[in-house]
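With this note's numbering applied, the sequence shown corresponds to residues 1273 to 1564, in that order. For every residue, glycine included, the Cβ atom is placed at its ideal position computed from N, Cα and C. Note that the structure is a prediction, hence the values are computed from the model and not measured.
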Amino acid sequence: MVSGFGAVCQWGELLLGVAAPFSNDRVTFGVAYADDDVVVVEKRAKLVTAPGVGHTDDTLLNGLMARYGAQLTALGGKRDWGLLHRLDRGTSGLLVVGLSKDAYDGLREAFETRSVRKFYWAVCRRAPNKPAGVIKRPIIEEVKRVDKYTSTKTARIGRSGKPALTAYRVLEESVSGCLVEARPVTGRLHQVRAHLDSISATVLGDEFYGPDIARRASSRLALHAHRLVFNHPLTGETIDTRSAFPKDLRSLLNRMHLHLPGAVGAVSGGVSGGVSEDAEKLAGEAVGDEEA
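Here is the structure:
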């Protein structure tokens, strides 16, 4: 159920970082890893990560408040109620959330030093020219006003933008499209989507980037954050969490004549030679390296 003060009152306070977000146990999510200090959750597609205009009580954070309300309230708005990063509304997959101050601060530092490793699967309209590589193209964030109260943010490639780096490899391709694994080293707005589109590998179902034919090819954004690797901020233990390929995208793979990642017939071992030296230096490892 949804609990808290009236929507107008609490939303005004939430903007000021005073009131805790609503608790809503109707918002569901999976848990890939959890202890007293850290939780890694699985967000479904079309679920907004955090409250905003039009979404005050139906976001992932509202669901998190229902289960971890005491811990997240203790962190407060100054620590973003435990949220360390977000996924676009259309993107499914893994996010890490801090449950204690020490854990949150340690993970925040890990994100700032780019030591948290994030991996995505993307079903794309065509394969890029190179089977593996590093996209180093600056990203500019743009805001478009929708009405008096709302606006949308999009990204575009431009020299005056912020530095952005994404390593990628093609797992499999067919006459219809391809399956790509991507690792964003930086964390810019829509980075994986904008970068893949810039090399003609538009993610299917993307409402902002690429041609209409790619947008209509999937009922939702075909992007899934399938792996998240980090050192536990308190114990130092390596936490390597995985998420299966989402069920609601498997029919899309079939239509594209592609296999599930790692399935028989898919190129699951990676591209010979890995990614370039730039990615090794900045990303820390080859995209998609499989570990025991």
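Report the three-state DSSP secondary structure of residue i (helix, strand or coil).
| i | result |
| --- | --- |
| His1496 | strand |
| Ala1292 | coil |
| Tyr1392 | strand |
| Val1418 | coil |
| Lys1434 | strand |
| Val1369 | strand |
| Lys1318 | coil |
| Leu1524 | helix |
| Val1464 | helix |
| Tyr1376 | helix |
Report the option in the options whose CA atom is closest to the CA atom of residue i.
| i | options | result |
| --- | --- | --- |
| Leu1521 | Arg1514, His1531, Thr1513, Gly1433 | His1531 |
| Glu1384 | Ile1407, His1357, Ala1486 | His1357 |
| Asn1526 | Val1406, Ile1511, Glu1444, Ala1439 | Glu1444 |
| Val1325 | Leu1500, Thr1422, Glu1453, Arg1409 | Thr1422 |
| Pro1505 | Asp1307, Asp1297, Pro1403 | Asp1307 |
| Leu1336 | Val1313, Ala1375, Val1395 | Val1313 |
Taking C-beta to C-beta, are residue i and residue j nearer than 7 Å?
| i | j | result |
| --- | --- | --- |
| Arg1492 | Gly1482 | no |
| Ser1523 | His1498 | no |
| Val1369 | Val1311 | yes |
| Lys1569 | Leu1332 | Residue 1569 is absent from the model: the chain starts at 1273 and stops at 1564. |
| Ala1486 | Thr1474 | yes |
| Lys1434 | Ile1411 | yes |
| Thr1363 | Ala1292 | no |
| Leu1355 | Thr1513 | no |
| Val1442 | Ala1394 | no |
Which word fits residue i, buried or exposed, when buried means at least 16 other C-beta atoms lie within 10 angstroms of its C-beta?
| i | result |
| --- | --- |
| Gly1302 | exposed |
| Ser1372 | buried |
| Ala1494 | buried |
| Val1418 | exposed |
| Thr1321 | buried |
| Glu1453 | buried |
| Ser1387 | exposed |
Along the chain, where does the beta strand (DSSP E) that runs through residue i open and close?
| i | result |
| --- | --- |
| Tyr1305 | 1302-1306 |
| Arg1315 | According to the sequence provided, residue 1315 is Lys. The question's Arg does not apply to it. Per DSSP, Lys1315 belongs to the beta strand (DSSP E) from 1310-1315. |
| Val1475 | Taken as a continuous stretch (DSSP letters only), Val1475 belongs to no beta strand (DSSP E), as it is neither H nor E. |
| Val1452 | 1450-1456 |
| Arg1428 | 1423-1429 |
| Ala1404 | 1404-1408 |
| Thr1510 | 1510-1514 |
Between which two residues does the alpha helix (DSSP H) carrying residue i extend?
| i | result |
| --- | --- |
| Asp1484 | 1484-1487 |
| Arg1339 | 1332-1347 |
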